[in-house]
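>
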């Protein structure tokens, strides 16, 4: 095996690239039309295949404060979801529960304002549980299965071991660790930093 | 040994109470007089003996944004220090290095505005390195020495192991872990939560 290929094989077995997710919003088709007058349009592809950063932006308005110019991610979903950090929650005056994406039952609501209209969400505000997107080809290499939680060592400026990191395996995924901004800052994350799933 | 005393002895050997430090400012006597027209006055004692939250508050003004109504901690120090999270740094437009308290060499500056005047700091902005204040009586019980770094397991809603936690031993200290707000939120800290120094 060539050195480059060997290095890549070792890296792929040991390390997972990490990414930090800033606050962002998912909306339904109908909500996009209410907020913007049209469906979401793609500004830039994201690392997860098919996902994109939209040109459209919203204000997220809570009882205590608001964030303007918040990223909207496409494509549209069946139900809206607002992913913020616990730090963001303090600013908004909302205490987001830590949840896996899509688990919106019992989460608090919030108000979204687009350039064409406003949407009041009854629920959907959460801090995303830290997770690892895993492509099925990588799952046996990393020794993980769908819905498992693992411990993740970060190789970052302020190293930590994150526990309860949720593994999600799906053929549409590129293998990546996703942290929220509190977690990214707590470990001193910089783009390109790697993590390692601990046995 | 009575059960209560035994329990306390075991707890004291295994666990350390944690606290989260929000953004705050330390100033000199002269700076207090410039900012407020008088020296700092105590609103409330803090867990570390002799330290207090001042009645006085400042705005911290960076190139990109500002925070109003920021806590000032007393007593006054020989040099000013502005302790913020990396998240705060993004809002201010300042990238704070992660430093032990007092290590202000080479740190960025910022502007402070009080109700009576303004102070431009040439340096002093940092994210405080996570640390454990240890009373000398507790150091041998916890098996730590001054300036050592340790790994700390958090017993929190989002458990993590923090690495590179700086131990500081001093007779003026009450034994406590201090995290910044990014770290506190990354581990889902709530007041009263405990940590354990790992061997």
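Protein chains in written order, with my numbering: chain A, 1363 to 1561; chain B, 1363 to 1561. Cβ atoms here follow ideal geometry from the backbone N, Cα and C, with glycine treated the same way.
#1: Between A/1410, A/1409 and A/1388, which has its C-alpha nearest residue 1421 of chain A's C-alpha?
#2: Let's test the definition: count the other Cβ atoms within 10 Å of the Cβ of residue 1534 of chain A and tell me whether it reaches 16, buried, or not, exposed.
#3: Could you please tell me which residues of the segment 1504 to 1517 of chain B, in chain order, have their CB closer than 7 Å to any CB of chain A?
#4: What is the DSSP secondary structure of residue 1558 of chain B, reduced to helix, strand or coil?
#5: Can you check whether the C-beta of residue 1460 of chain B is within less than 8 Å of a C-beta belonging to chain A?
#6: Find the residues of chain B that neighbour residue 1548 of chain A, judging by a C-beta separation of less than 7 Å, and give them in chain order.
#7: Against chain E, which members of the segment 1524 to 1539 of chain A pass a CB distance test of less than 7 Å?
#8: What does the alpha-carbon distance come out to for the pair residue 1523 of chain B and residue 1440 of chain B?
#9: May I ask you to verify whether the segment 1491 to 1510 of chain A touches the segment 1468 to 1477 of chain A, counting CB pairs closer than 8 Å and requiring at least 3?
#10: In chain order, what residues of the segment 1432 to 1466 of chain B put their CB closer than 8 Å to some CB of chain A?
#11: Taking only runs of the beta strand (DSSP E) that begin and end inside the segment 1440 to 1479 of chain B, which ones reach a length of at least 3 residues, in chain order?
#12: Can you name the residues that DSSP bridges to residue 1542 of chain A?
#13: Shortest alpha-carbon distance to residue 1550 of chain B belongs to which of A/1526, A/1560 and A/1557?
#14: Is there at least one Cβ from chain A nearer than 8 Å to residue 1470 of chain B's Cβ?
#15: Just to confirm before moving on: does the CB-CB distance between residue 1448 of chain A and residue 1427 of chain A stay below 8 Å?
#16: Against residue 1521 of chain A, what residues of chain B qualify as contacts under a CB-to-CB distance less than 8 Å, listed in chain order?
#17: Looking at the unbroken beta strand (DSSP E) that takes in residue 1524 of chain A, where does it start and where does it end?
#18: Straight-line CA distance for residue 1519 of chain A to residue 1396 of chain A?
#19: Please determine, among A/1540, A/1368, A/1541 and A/1394, the residue with the shortest C-alpha to C-alpha distance to residue 1479 of chain A.
#20: Counting C-beta neighbours from all protein chains within 10 Å, is the total for residue 1547 of chain B 16 or more, i.e. buried, or is it exposed?
#21: Could you spell out where the beta strand (DSSP E) holding residue 1492 of chain A opens and where it closes?
#22: So what's residue 1408 of chain B in DSSP terms, helix, strand or just coil?
#23: In terms of residues, what are the limits of the beta strand (DSSP E) holding residue 1376 of chain B?
#24: Closest to residue 1402 of chain A by CA distance: which of A/1424, A/1416 and A/1378 is it?
#25: Hey, how far is the Cα of residue 1398 of chain B from the Cα of residue 1483 of chain B?
#26: Could you give the distance in angstroms between the alpha-carbon of residue 1329 of chain B and the alpha-carbon of residue 1364 of chain A?
#27: Looking at the structure shown, is residue 1429 of chain A part of a helix, part of a strand, or coil, going by DSSP?
#28: Could you compute how far the alpha carbon of residue 1370 of chain B sits from the alpha carbon of residue 1521 of chain B?
#29: Mind checking who residue 1416 of chain B pairs with in its DSSP beta bridge?
#30: Consult DSSP for residue 1393 of chain A and reduce its assignment to one of helix, strand or coil.
Looking at the atomic coordinates:
#1: Minimum Cα distance to residue 1421 of chain A is reached at A/1388.
#2: Residue 1534 of chain A is exposed by the Cβ-count criterion.
#3: From the segment 1504 to 1517 of chain B, no residue has a Cβ closer than 7 Å to chain A.
#4: Three-state result, residue 1558 of chain B: strand.
#5: Judged by the 8 Å Cβ criterion, residue 1460 of chain B is in contact with chain A.
#6: Near residue 1548 of chain A (Cβ distances below 7 Å), the residues of chain B are 1544, 1545 and 1548.
#7: The displayed structure is made up of protein chains A and B, and chain E is not among them.
#8: Taking the CA atoms as reference points, residue 1523 of chain B sits about 34 Å from residue 1440 of chain B.
#9: With the rule of 3 Cβ pairs closer than 8 Å, the segment 1491 to 1510 of chain A does not count as touching the segment 1468 to 1477 of chain A.
#10: Hits within the stretch, in order: 1447, 1448, 1449 and 1460.
#11: Complete beta strand (DSSP E) runs here, min 3: 1443 to 1445 and 1472 to 1475.
#12: The secondary-structure analysis by DSSP pairs residue 1542 of chain A across a beta bridge with A/1383.
#13: Answer by Cα proximity: A/1526.
#14: With 8 Å as the cut-off, residue 1470 of chain B does not count as an interface residue toward chain A.
#15: Taking 8 Å as the Cβ cut-off, residue 1448 of chain A and residue 1427 of chain A do not qualify as a contacting pair.
#16: In chain order: 1525 and 1526.
#17: Counted as a single uninterrupted DSSP element, the beta strand (DSSP E) harbouring residue 1524 of chain A occupies residues 1522 to 1531.
#18: Rounded to whole angstroms, residue 1519 of chain A and residue 1396 of chain A show a C-alpha spacing of 43 Å.
#19: Ranking A/1540, A/1368, A/1541 and A/1394 by Cα distance to residue 1479 of chain A puts A/1394 first.
#20: Residue 1547 of chain B is buried by the Cβ-count criterion.
#21: That residue, residue 1492 of chain A, is in no beta strand (DSSP E); it is neither H nor E in DSSP.
#22: Taken through DSSP and simplified to helix, strand or coil, residue 1408 of chain B comes out as coil.
#23: Residue 1376 of chain B -> not in any beta strand (DSSP E); alpha helix (DSSP H) instead, spanning 1365 to 1376.
#24: With distances taken between Cα atoms, residue 1402 of chain A lies closest to A/1416.
#25: Rounded to whole angstroms, residue 1398 of chain B and residue 1483 of chain B show a C-alpha spacing of 16 Å.
#26: The structure shown does not extend to residue 1329 of chain B, since chain B spans only 1363 to 1561, so no value can be given for it.
#27: Annotated three-state conformation of residue 1429 of chain A is strand, per DSSP.
#28: Those two C-alpha atoms are separated by around 23 Å.
#29: According to DSSP, residue 1416 of chain B bridges with B/1404.
#30: Three-state DSSP puts residue 1393 of chain A in a helix.
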